[in-house]
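Read through the structure below, which is laid out as structure tokens, and then see the notes.
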Amino acid sequence: MLCAKCNNAVTDFASCSLCEGNFHYGCAGVTESGYRRMGLEKKAAWRCMSCRTKSTETGGSAIAEVLKEIRNLRVDFNAMKMDFGNVQADIRSTKTSMQELNTKWNKMESRFSGIEDRLLTAETKLSSLTSIQKEYWN
Numbered sequence: 001m002l003c004a005k006c007n008n009a010v011t012d013f014a015s016c017s018l019c020e021g022n023f024h025y026g027c028a029g030v031t032e033s034g035y036r037r038m039g040l041e042k043k044a045a046w047r048c049m050s051c052r053t054k055s056t057e058t059g060g061s062a063i064a065e066v067l068k069e070i071r072n073l074r075v076d077f078n079a080m081k082m083d084f085g086n087v088q089a090d091i092r093s094t095k096t097s098m099q100e101l102n103t104k105w106n107k108m109e110s111r112f113s114g115i116e117d118r119l120l121t122a123e124t125k126l127s128s129l130t131s132i133q134k135e136y137w138n
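Quick note, the sequence shown lines up with residues 1 to 138 if you use full-length UniProt numbering.
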């Protein structure tokens, strides 16, 4: 078997769980005693320097992607916040307009009621005049 780093024969080695390469302890960056003290789970999860570096780089790019997405979400949130502010202003304006319209409507109702009262009075007077006129001419 060959060492995945130096390509020399290896009989006692550390085995990478990711690339499945076998390494001299020195090539792996771990002492023989340190590797032997690892439990079965740690040995099964152990990764060589190359795989650890790739994992860190991948993790770094994943973090960069997450940060980019967070920035995009922040931009979207700020735009929505501005839109919401505009909607609130429109609602306030509409509310003010509705209040003005309601005030004008109440004034018109009052005026209409006054006109109705005057019309009733005029009709009553006209009816009285018509009756008097009939009596006078008869």
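Built from N, CA and C at the ideal position, the CB exists for glycine as well.
Apart from the five residues just before and just after residue i, which ones in its own chain have a Cβ nearer than 6 Å to its Cβ?
| i | result |
| --- | --- |
| E32 | Y25 |
| C6 | C27 |
| M49 | G29 |
Please state whether DSSP places residue i in a helix, a strand or coil.
| i | result |
| --- | --- |
| L2 | strand |
Tell me whether residue i is buried or exposed, calling it buried when 16 or more other Cβ atoms sit within 10 Å of its Cβ.
| i | result |
| --- | --- |
| N8 | exposed |
| A122 | exposed |
| N102 | exposed |
| A4 | buried |
| G39 | exposed |
| A45 | exposed |
| A14 | buried |
| F23 | buried |
List the endpoints of the continuous alpha helix (DSSP H) containing residue i.
| i | result |
| --- | --- |
| A44 | L40 to A45 |
**OP:** Kindly provide the ranges of any alpha helix (DSSP H) runs that are 4 or more residues long and lie completely inside the stretch 12-38, ordered along the chain.
**Re:** Whole alpha helix (DSSP H) segments, 4+ residues: 25-28 and 32-37.
Subject >> Continuous alpha helix (DSSP H) assignments of at least 4 residues falling wholly in the stretch 42-118 >> reply: You should have found no qualifying run.
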